[in-house]
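Notes follow the structure.
Number of protein chains: 2
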Amino acid sequence: MTVRERCEAAKAHAHAIAFTGEDGMNGMLIAAAGALREHADHIIAENKKDIERCTRGPQFTDRLMLDEKRIDGIAEGLEKLVELKCPVGEIMEERTLYNGLRLTRVRVPLGVIGIIYEARPNVTADAIGLAIKSGNAIVLRGSKDAVRSNAAVTEVIKNALRDRGFDPEFIQLIEDTTREGATEFMRMNGIVDVLIPRGSASLIQNAVQNATVPIIETGTGNCHLYFETSADIGKAIPILINAKTQRTSVCNACESLLIDEDFALKHLKEIVSALREKNVEIVACEKCRKILPELAAATEEDYYTEFLSLKISVKIVGGVEDAIAHINRFGTHHSDGIITENEAAAEKFLDEVDSAAVYVNASTRFTDGFEFGMGAEMGISTQKLHARGPMGLKELTSYKYCIRGDGQIRG
Amino acid sequence: MTVRERCEAAKAHAHAIAFTGEDGMNGMLIAAAGALREHADHIIAENKKDIERCTRGPQFTDRLMLDEKRIDGIAEGLEKLVELKCPVGEIMEERTLYNGLRLTRVRVPLGVIGIIYEARPNVTADAIGLAIKSGNAIVLRGSKDAVRSNAAVTEVIKNALRDRGFDPEFIQLIEDTTREGATEFMRMNGIVDVLIPRGSASLIQNAVQNATVPIIETGTGNCHLYFETSADIGKAIPILINAKTQRTSVCNACESLLIDEDFALKHLKEIVSALREKNVEIVACEKCRKILPELAAATEEDYYTEFLSLKISVKIVGGVEDAIAHINRFGTHHSDGIITENEAAAEKFLDEVDSAAVYVNASTRFTDGFEFGMGAEMGISTQKLHARGPMGLKELTSYKYCIRGDGQIRG
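In order, the protein sequences belong to chains A and B. Just so you know, we're using this note's numbering here: the first sequence kicks off at 7 and counts up by one. Just so you know, we're using this note's numbering here: the second sequence kicks off at 7 and counts up by one.
This is the structure:
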């Protein structure tokens, strides 16, 4: 099927999934989870073929790889969605207008969600699960590298739904993994209601530049920690090490450290050795290098860079105002934190840093749907329109106004 | 100043307007309203120059024209915003997470709003007022035809703010009214947070096709009324006449009437004469023409058309299911209504018509920020992302997560 045919098929079934009801949705999720476990061997065999063909190096292969344990984790993710409340039909507002019209604002699914993503086959199942529980049709477009894995996961889930008497055609996987196919997918106006690109900065920029359907930018995270002069070094270093090193390839990892000058004079050495103990490569500003001349010099480009590796930029700033200005200029409005014992500085930072998630005395690694208690996420929005931060079930909905009258006309 | 310079100037002042506080905002609105009245003569004189140059016909000139009464109405609109609550800073959600992190979701302005609009200079003041009370910077790009009027309105307001000690540079009017300038404006990623096109379908489509910043589609309204078989003809005809004729050039006017067959057999003649009494031109389906052979034939294109004039398409349908399918296919997801005394039909229509506002026994003309009790509107969204229906102050905001900890790290 062509890209357009896949999208049209999803749209034709959007109505059915929207009106499935919570019991039906939960039945689908349980069936899908069971089938993934039952057919794990088949999925792993197909995944092996993708991996054998893949020549992109071990880090890439690791993200692509599925084994029994990972498949069990994916199935568990679907089962966890059962416990979350379906947002569809929620009455968000109810009023009677001056003329007796009764106005109700009701939460409804977005309709058809498109998702473009890279070689992580778990996203296929996660996205299907979130679509089911939010009442949306979904069109998936994974990467060439994961084509057999994605097909296997989708097929196993669709067959399981069909066996239980559900029509699974609200789930559509695009076979066409060419660049032209992606561009076509980005222009399905009137069919696709929102497109979510998930993956590298270049994938997301490609969507920003080429999509004519509404998109939600996700995931690029040039996240900062700022050690304010009153910071407790006993909190600062563990938070830095956690944010920088606990997992380096994720969008909420710390990429840049800002330090007030007198705090640096006292603690830079200690900070640097804590980072080095974890094998973190450091590039630093001139002021830092005056304190510790052995540090490598940072370029302006470094301050803009999401390293996604064991590398960090370090810069001395002139107080909270300067730190905020730096973050708003060089950051990606994802997650940024201040370490401070000064409440006024904390509140100023919270107010003025223009990011989806702003932290005081905590690791930026918490920006995540599960950590925020939303249960799951379709990605982390770094734009301000529609949703900001982790996108869970509610963020995959819209609303409509239902107005009940008895003959009202406008005067 | 260039388009980019205007946008950058607005962005540089976004922070100041976001933190002005409600008293300051109200002071600005009152100062702006007073100045518009005080300098009405100047604005009218500049507006006359636009009108003299304009060769687009009387209907166009009427929308462009400003007189003392209209300026007073615009000033009143600004004053009404004083009574509305500023949405900035609202705590939308507050939770303590499992690890003791305190999470607060706070409403914040979008940042920099861009608006592209056609020759209605009142939009200039309305948009500035909404930007002030929602804490947003605003970049205005009106049409060539209204260039002097828009400049006069903007200048009068900015001077009034400056006189009261406010920095008015969060308001920027783009002088460049070329097509290239518009395209440049649509690509100010990283500077403009959202672009709202207001005006004709072609202006909006141009934005959909060319914008790389997030946009909100507004205002194209191919709105339907559906007379279900149980409809009360005493409600049906007044609602139809109101929706079709009270004001024809607006997006929430009715453009198409669907009728159940037996209702048409009984009432089509009466409906047609009521429409003809108001000089409405009718194009109708074959089934209608069997009942009243003198009716002109409708083409498929007619069913897609937003006439914005005294013209309507009429079509006989086979019940509520068929009516819903027609509306979802031919409509623009703006405002659609059913006239019925059958509650099951009404509820089905409310559930399944995929539009921003769905009515039972009322005119579609009510889809409006003022009528919905939102006080004012920046336009009516016909997309599902971010906002749907009238966009008031809340719809011009985003949110951020503020997370307060005492050293939490992710395990």
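Just so you know, even glycine gets a beta-carbon here, dropped at the ideal spot from N, CA and C. Bear in mind the structure is a predicted one, so any value in this text is a computation, not a measurement.
Given a cut-off of 8 angstroms on the beta-carbon distance, is the pair residue i and residue j in contact?
i                 : j                 : result
CYS291 of chain A : THR110 of chain A : no
LEU391 of chain A : PRO93 of chain A  : no
LEU316 of chain B : VAL286 of chain B : yes
ILE288 of chain B : VAL320 of chain B : yes
PHE191 of chain A : ILE97 of chain A  : no
ALA41 of chain A  : VAL162 of chain A : yes
HIS340 of chain B : ALA362 of chain B : yes
ILE247 of chain A : LYS275 of chain A : no
THR160 of chain B : THR388 of chain B : no
LEU35 of chain B  : LEU84 of chain B  : yes
LYS55 of chain B  : ARG126 of chain B : no
ILE4 of chain B   : ILE23 of chain A  : The structure shown has nothing for residue 4 of chain B, since chain B only spans 7 to 417.
LEU402 of chain B : LEU179 of chain B : no
ASP357 of chain A : ASN334 of chain A : no
VAL145 of chain B : GLY120 of chain B : yes
ASP132 of chain A : ALA382 of chain A : yes
CYS229 of chain B : CYS260 of chain B : yes
PHE372 of chain A : LEU107 of chain B : yes
ASP266 of chain A : GLU234 of chain A : yes
LYS406 of chain A : VAL364 of chain B : yes
VAL323 of chain A : ARG410 of chain B : no
ALA207 of chain A : THR226 of chain A : yes
ILE197 of chain A : CYS13 of chain A  : yes
ILE297 of chain B : LEU271 of chain B : yes
GLY379 of chain B : ILE386 of chain B : no
SER404 of chain B : LEU116 of chain B : yes
ASP173 of chain A : HIS19 of chain A  : yes
Could you spell out where the alpha helix (DSSP H) holding residue i opens and where it closes?
i                 : result
PRO64 of chain B  : 64-70
PHE355 of chain A : 349-358
MET98 of chain B  : Not the alpha helix (DSSP H): MET98 of chain B falls in the beta strand (DSSP E), residues 97-102.
CYS408 of chain B : Segment 403-414 is the beta strand (DSSP E) holding CYS408 of chain B; no alpha helix (DSSP H) there.
SER155 of chain A : 153-169
HIS48 of chain B  : 46-59
ILE80 of chain B  : 74-89
THR189 of chain B : 185-191
HIS21 of chain A  : 20-24
PRO127 of chain B : 127-140
Is any heavy atom in the ligand GTP found nearer than 7 angstroms to the beta carbon of residue i?
i                 : result
TYR309 of chain B : Ligands displayed in this structure: none; no statement on the ligand GTP is therefore possible.
How is the beta strand (DSSP E) around residue i delimited, first residue to last?
i                 : result
ALA266 of chain B : The sequence given here has Asp at residue 266 of chain B, not Ala. 260-266 is the span of the beta strand (DSSP E), which, as asked, contains ASP266 of chain B.
ALA368 of chain A : 363-368
ARG108 of chain B : 108-115
GLY418 of chain A : Outside the displayed span of chain A (7 to 417) sits residue 418 of chain A, for which this structure offers no information.
GLN178 of chain B : 177-179
ASP342 of chain B : 341-345
ARG147 of chain A : 143-147
THR118 of chain A : The question names Thr, but residue 118 of chain A in the sequence shown is Val. Looking at the DSSP string, the run of the beta strand (DSSP E) that includes VAL118 of chain A is 118-123.
query: Do the region 176-192 of chain B and the region 149-156 of chain B make contact, defined as three or more Cβ pairs closer than 8 angstroms?
result: yes
- request: For the region 205-214 of chain B and the region 133-141 of chain B, state whether three or more C-beta atom pairs, one from each stretch, are separated by less than 8 angstroms.
  value: no
- request: Below 7 angstroms between beta carbons is the criterion; list the residues of the region 391-416 of chain B that meet it against any residue of chain A, in chain order.
  value: Residues of the region 391-416 of chain B that bring their beta carbon within less than 7 angstroms of a beta carbon in chain A comprise LEU391, HIS392, ARG394, GLY395, SER404, TYR405, LYS406, TYR407, CYS408, ILE409, ARG410, GLY411, ASP412, GLY413, GLN414, ILE415, ARG416, in sequence order.
- request: Closer than 8 angstroms, Cβ to Cβ, to anything on chain A: give me those residues from the region 350-365 of chain B, in chain order.
  value: ALA352, LEU356, ASP357, GLU358, ASP360, SER361, ALA362, ALA363, VAL364, TYR365
- request: For the region 240-328 of chain A, list the alpha helix (DSSP H) runs that are entirely contained and at least 4 residues long, ordered along the chain.
  value: 267-283, 292-297, 306-310
query: Counting Cβ pairs, one atom from each stretch, are 3 or more of them under 8 angstroms apart for the region 335-349 of chain A and the region 224-243 of chain A?
result: Under the 8 angstroms Cβ criterion, the region 335-349 of chain A counts as touching the region 224-243 of chain A, having at least three qualifying pairs.
- request: Output, in sequence order along the chain, the residues in the region 365-389 of chain A whose CB is closer than 8 angstroms to any CB in chain B.
  value: TYR365, VAL366, ASN367, ALA368, SER369, ARG371, PHE372, THR373, GLU377, PHE378, GLY379, GLN389
message: Tell me which residues of the region 194-209 of chain B have at least one Cβ-Cβ distance to chain A shorter than 7 angstroms, keeping chain order.
response: ASN195, ASP199, VAL200
message: What are the residues in the region 227-245 of chain B lying within 8 angstroms of chain A by C-beta distance?
response: ASP238, GLY240, LYS241, PRO244, ILE245
- prompt: What are the residues of the region 97-112 of chain B that lie near chain A, defined by any Cβ-Cβ distance shorter than 7 angstroms?
  reply: Using a CB distance below 7 angstroms, the part of the region 97-112 of chain B facing chain A consists of ARG101, LEU103, LEU107, LEU109, ordered along the chain.
message: Please give the ranges of any beta strand (DSSP E) in the region 197-240 of chain B, keeping only runs that are unbroken, at least 3 residues long and fully inside the region.
response: Qualifying beta strand (DSSP E) stretches, in chain order: 200-204, 229-233.
- request: Could you name the residues of the region 139-152 of chain A whose beta carbon sits closer than 7 angstroms to any beta carbon of chain B, in the order they occur along the chain?
  value: none
- prompt: When you check each C-beta in the region 241-275 of chain B against every C-beta of chain A, which residues fall closer than 7 angstroms?
  reply: LYS241, PRO244, ILE245, ASN248, GLN252
Chain-ordered residues of the region 112-123 of chain B with a beta carbon less than 9 angstroms from chain A: VAL112, VAL114, PRO115, LEU116, GLY117
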